[in-house]
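J.: Dumping the structure here so I can ask a few things about it.
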Amino acid sequence: MLASHTQGTVFNIQKFSLHDGPGIRTIVFLKGCYLSCKWCSNPESQKFKPSVFFEKEKCIGCGKCAASCPQQAISLETRSRIDHQKCVGCGTCTEICPTGALTLSGKTMTVKEVLDEVCKDEVHYRRSNGGLTLSGGEPLAQPDFVEALLKEAKSRGLHTAMETTGIASNEVLNRIIPLLDVVLLDIKTFYRNQHEKYTGLPNDVVLANALTISKLAKQVSVRVPLIPNFNSDEQSIKAIAMFATHMDNVARLHLLPYHNFGQSKYNLLGVDYYCDGFKTPPNKEVDRYKKIVESVGIECVIGG
Ligand code: SF4
Ligand code: SF4
Numbered sequence: 001m002l003a004s005h006t007q008g009t010v011f012n013i014q015k016f017s018l019h020d021g022p023g024i025r026t027i028v029f030l031k032g033c034y035l036s037c038k039w040c041s042n043p044e045s046q047k048f049k050p051s052v053f054f055e056k057e058k059c060i061g062c063g064k065c066a067a068s069c070p071q072q073a074i075s076l077e078t079r080s081r082i083d084h085q086k087c088v089g090c091g092t093c094t095e096i097c098p099t100g101a102l103t104l105s106g107k108t109m110t111v112k113e114v115l116d117e118v119c120k121d122e123v124h125y126r127r128s129n130g131g132l133t134l135s136g137g138e139p140l141a142q143p144d145f146v147e148a149l150l151k152e153a154k155s156r157g158l159h160t161a162m163e164t165t166g167i168a169s170n171e172v173l174n175r176i177i178p179l180l181d182v183v184l185l186d187i188k189t190f191y192r193n194q195h196e197k198y199t200g201l202p203n204d205v206v207l208a209n210a211l212t213i214s215k216l217a218k219q220v221s222v223r224v225p226l227i228p229n230f231n232s233d234e235q236s237i238k239a240i241a242m243f244a245t246h247m248d249n250v251a252r253l254h255l256l257p258y259h260n261f262g263q264s265k266y267n268l269l270g271v272d273y274y275c276d277g278f279k280t281p282p283n284k285e286v287d288r289y290k291k292i293v294e295s296v297g298i299e300c301v302i303g304g
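For the sequence shown, the UniProt record's numbering assigns the number 1 to the initial residue and increments by one for each residue that follows.
The structure is reproduced here in structure tokens:
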């Protein structure tokens with residue numbers, strides 16, 4: 001198969017982003033992640049297959065969706081309507097629903113299809129030194145697609161960045177990290193148990209891979225989501241900042257204050273939102289954390 005025909009599962013292509021790398025960027029969001037962070041603002045990204053959103057207000061109760069589902073994954077009696085364990089993301093119900101109450105998030109695209117879309121904004125990338133950012137989900141979880149995508153992006157002259165948890169085999173890191181101009185690497189906490197409790201996995205691989213990635217990368221931006229009751233305290237931030245001093249090629253550390261922008265998606269998936277009621281850390285507190293990072297000699301930026 002030609003590399004440009006390599007397929008992956010994409011759930012969003014977001015244009016004109018001013019975060020997630022330098023300049024004006026297009027962000028390609030890929031499905032599938034190894035973690036399930038409780039504050040995740042893209043909960044539909046966590047499963048590898050397409051996900052179905054259900055808008056209760058649009059439903060007229062006709063039952064066509066349940067009758068059409070080949071997996072018997074739909075019940076008119078339940079809040080979420082969809083049993084996401086049984087659903088295989090075939091999209092049949094979303095096509096048959098007469099009111100648009102069901103929509104599918106995620107579709108198969110080729111490298112060529114993605115890059116033809118991304119390159120429509122090439123003029124803006126040139127003017128702003130922007131480019132393409134891969135996000136997710138975890139892009140490294142679709143390594144063949146991402147490798148082909150990045151190679152083709154480079155052959156088209158695009159600046160490349162990737163947001164990642166860093167979870168992948170060494171073989172995958174060696175193939176993909178050198179194709180990136182910037183790696184935006186999430187480090188959520190230095191503490192193993194805390195990481196496991198809030199993301200579903202301990203952080204041994206994340207920390208070990210952070211060191212490997214920083215050696216392979218041209219430039220790394222460490223990104224720390226500031227989550228109340230999880231890592232939004234001086235000791236946690238200092239531990240991450242100290243860890244970052246042992247990494248190579250770190251340009252800066254970003255503090256990303258918690259927001260609840262993804263909450264409505266939990267409703268559409270019929271899933272409880274763990275962080276309901278969490279507040280964005282006040283500016284004064286975030287400024288204090290910034291000073292802690294700077295005190296170990298690392299440039300610190302608040303926001304993406
Ligand atoms: S996407 Fe397919 S499997 Fe999933 S609920 Fe709809 S019809 Fe059933
Ligand atoms: S097909 Fe659409 S409108 Fe009919 S019951 Fe299913 S979700 Fe509701």
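Note that CB positions come from ideal geometry on N, CA and C, so glycine has one too.
Small disclaimer: the values here were computed from a predicted structure and weren't measured.
Where C275 and F190 are concerned, what is the direct C-alpha to C-alpha distance, given to the nearest angstrom?
T.: C275 and F190: Cα-Cα distance of roughly 21 Å.
J.: Using the C-alpha atoms, what's the distance from K64 back to H195?
T.: 42 Å
J.: Enumerated in chain order, which unbroken segments of the beta strand (DSSP E) with a length of 3 residues or greater are wholly contained in the stretch 183-235?
T.: 220-226
J.: Over the uninterrupted alpha helix (DSSP H) stretch that includes Q263, give me the two end residues.
T.: Q263 to L269
J.: Would you kindly work out how many angstroms separate the C-alpha atoms of residue 319 and K107, rounded to a whole number?
T.: Nothing about residue 319 can be read from this structure; the chain reaches only from 1 to 304.
J.: Could you check the C-alpha separation between L132 and V10 for me, to the nearest Å?
T.: About 14 Å.
J.: What residue range is occupied by the uninterrupted alpha helix (DSSP H) comprising L253?
T.: Careful: L253 lies outside any alpha helix (DSSP H), inside the beta strand (DSSP E) at V250 to P257.
J.: If you drop the 5 nearest sequence neighbours on each side, which residues of the same chain put their C-beta closer than 6 Å to that of F145?
T.: T6 and G8
J.: Just to confirm before moving on: does the CB-CB distance between S221 and M247 stay below 8 Å?
T.: no
J.: Measuring from the CB of K47, is there a heavy atom of ligand 2 at a distance below 7 Å?
T.: no
J.: Under 8 Å: do the stretch 133-140 and the stretch 162-181 share three or more Cβ pairs, one atom per stretch?
T.: Contact between the stretch 133-140 and the stretch 162-181 is established, with three or more Cβ pairs separated by less than 8 Å.
J.: For H84, does the three-state DSSP call read helix, strand or coil?
T.: Three-state result, H84: coil.
J.: Can you determine whether any heavy atom of ligand 2 sits closer than 7 Å to the C-beta of P98, and answer yes or no?
T.: Under cutoff, so the answer is yes.
J.: Determine which residues share a DSSP beta bridge with A161 and list them.
T.: T133 and V182
J.: Going by C-alpha distance, which of A101, V28 and M242 is nearest G61?
T.: Checking every option, the nearest Cα to that of G61 belongs to A101.
J.: List the endpoints of the continuous beta strand (DSSP E) containing R25.
T.: Counting along the chain, the beta strand (DSSP E) containing R25 begins and ends at R25 to L30.
J.: Nearest-angstrom Cα distance between L149 and S264?
T.: 31 Å
J.: Grab me the residues of A217's own chain with a C-beta within less than 7 Å of its C-beta, minus the 5 sequence neighbours each way, in chain order.
T.: I177, L180, V183 and N249
J.: For the alpha helix (DSSP H) that F145 lies in, which residues bound it at each end?
T.: Taken as a continuous stretch (DSSP letters only), the alpha helix (DSSP H) holding F145 covers P143 to S155.
J.: Using the three-state DSSP reduction, which class does V301 fall into: helix, strand or coil?
T.: strand
J.: Spatial neighbours of Q219 within its chain, please: CB distance less than 6 Å, with the 5 preceding and 5 following residues excluded, ordered by chain position.
T.: Closer than 6 Å at the Cβ level, and outside the excluded window around Q219, lie V182, N249 and A251.
J.: Pair every Cβ in the stretch 225-236 with every Cβ in the stretch 255-272, then say whether three or more of these pairs are closer than 8 Å.
T.: yes
J.: Any contact of the stretch 65-77 with the stretch 19-27, i.e. 3+ C-beta pairs under 8 Å?
T.: no
J.: Could you check if D20 is buried or exposed, using at least 16 other CB atoms within 10 Å of its CB as the buried criterion?
T.: buried
J.: Please identify the residue among L76, K58, E113 and G136 whose C-alpha is closest to the C-alpha of A3.
T.: Distances from the alpha-carbon of A3 to those of L76, K58, E113 and G136 put E113 closest.
J.: Who are the near neighbours of K15 in its chain, counting only those whose CB is closer than 7 Å to its CB and skipping five residues on each side?
T.: T26 and D121
J.: Using the Cβ count rule (16 or more neighbours within 10 Å means buried), how would you classify E44?
T.: E44 comes out buried.
J.: What are the start and end residues of the beta strand (DSSP E) that includes T108?
T.: K107 to T110
J.: DSSP three-state label for T92, please.
T.: DSSP, reduced to helix, strand and coil, places T92 within a helical segment of the structure shown.
J.: State the Cα-Cα distance for the pair A153 and L115, rounded to the nearest angstrom.
T.: 7 Å
J.: In three-state terms, what does DSSP make of V293?
T.: Note: V293 maps to helix in three-state DSSP.
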